[in-house]
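Residue numbers (my numbering): 2 to 210. Just so it is clear, CB atoms sit at the ideal spot from N, CA and C, and this is done for glycine as well. See structure below.
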């Protein structure tokens with residue numbers, strides 16, 4: 002038979018255990034805010050309370066592949082950056098950047114891109130700057146991007162590889178139909194094109210003729 006003192010000790014121990022458990026659980030449940038001078042990491046995942054991934058900030062080595070509704074598919078990206086995800090955990094844009102020299106001394110994957118995707122489709126707006134041994138362009142691209150179908154660029158405003166500043170308007174099939182250009186030497190022109198890409202009319206300043 003337990004004495005009064007033994008029963009008291011058991012009750013006291015039970016109370017202490019319950020209090021400790023409550024303290025630990027409450028400590029995990031209460032949001033905390035911390036200030037750090039430097040955060041040195043390879044990757045940061047931002048998630049909703051239910052675990053849905055909403056943003057990834059990552060080095061090149063840790064940048065994920067393509068994630069759709071929380072399921073990742075392998076996809077090699079030669080850049081570091083920040084990827085955005087919608088409420089369903091599907092990628093819908095990002096900011097990526099890179100640049101290096103390959104074994105042949107050529108500049109590759111140099112530049113950056115900020116893009117936003119349509120729901121369940123590809124990018125519809127892209128701000129980019131590319132300058133490597135294959136491509137040189139800087140500008141803004143607007144595209145059609147239907148669900149489960151290939152898209153086409155509709156608007157390009159920027160500077161091409163030869164230094165020409167251009168505004169190009171394309172039809173629904175991605176074919177250039179109107180082209181406003183100012184080359185590096187300075188003579189502007191406005192061209193109207195048919196569906197085959199042939200110039201049907203070109204307007205230039207009178208002094209250029």
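Would you tell me roughly how many angstroms separate the C-alpha atoms of residue i and residue j, rounded to the nearest one?
i	j	result
residue 91	residue 203	45 Å
residue 173	residue 119	16 Å
residue 128	residue 143	9 Å
residue 165	residue 200	18 Å
residue 81	residue 138	20 Å
residue 46	residue 78	18 Å
residue 121	residue 32	33 Å
residue 146	residue 115	16 Å
residue 34	residue 148	40 Å
residue 100	residue 159	21 Å
residue 98	residue 51	30 Å
residue 182	residue 48	45 Å
residue 86	residue 75	16 Å
residue 108	residue 135	9 Å
residue 61	residue 102	15 Å
residue 155	residue 110	24 Å
residue 157	residue 123	17 Å
residue 194	residue 70	42 Å
residue 89	residue 117	16 Å
Where does residue i land, buried or exposed, given buried means 16+ other C-beta within 10 angstroms?
i	result
residue 59	buried
residue 95	buried
residue 179	exposed
residue 105	exposed
residue 125	buried
residue 141	exposed
residue 72	exposed
residue 185	exposed
residue 191	exposed
residue 207	exposed
residue 169	buried
residue 93	buried
Report back the beta-carbon spacing between residue i and residue j to the nearest angstrom; my notes put them in contact at under 8 Å.
i	j	result
residue 83	residue 42	Their Cβ separation, rounded to whole angstroms, is 13 Å, which puts residue 83 and residue 42 out of contact at 8 Å.
residue 112	residue 132	6 Å
residue 188	residue 162	That pair is no contact at about 18 Å.
residue 196	residue 176	6 Å
Identify every residue that forms a DSSP beta bridge with residue i.
i	result
residue 203	192
residue 145	153
residue 62	For residue 62, which the question treats as bridged, DSSP gives no partner whatsoever.
residue 68	73
residue 46	57
residue 124	118
residue 51	In DSSP, residue 51 forms no bridge with anything.
residue 130	113, 139
residue 182	167, 190
residue 177	171
Point to revise | Given 8 Å, three or more beta-carbon pairs between the segment 65 to 75 and the segment 31 to 40 | key: no
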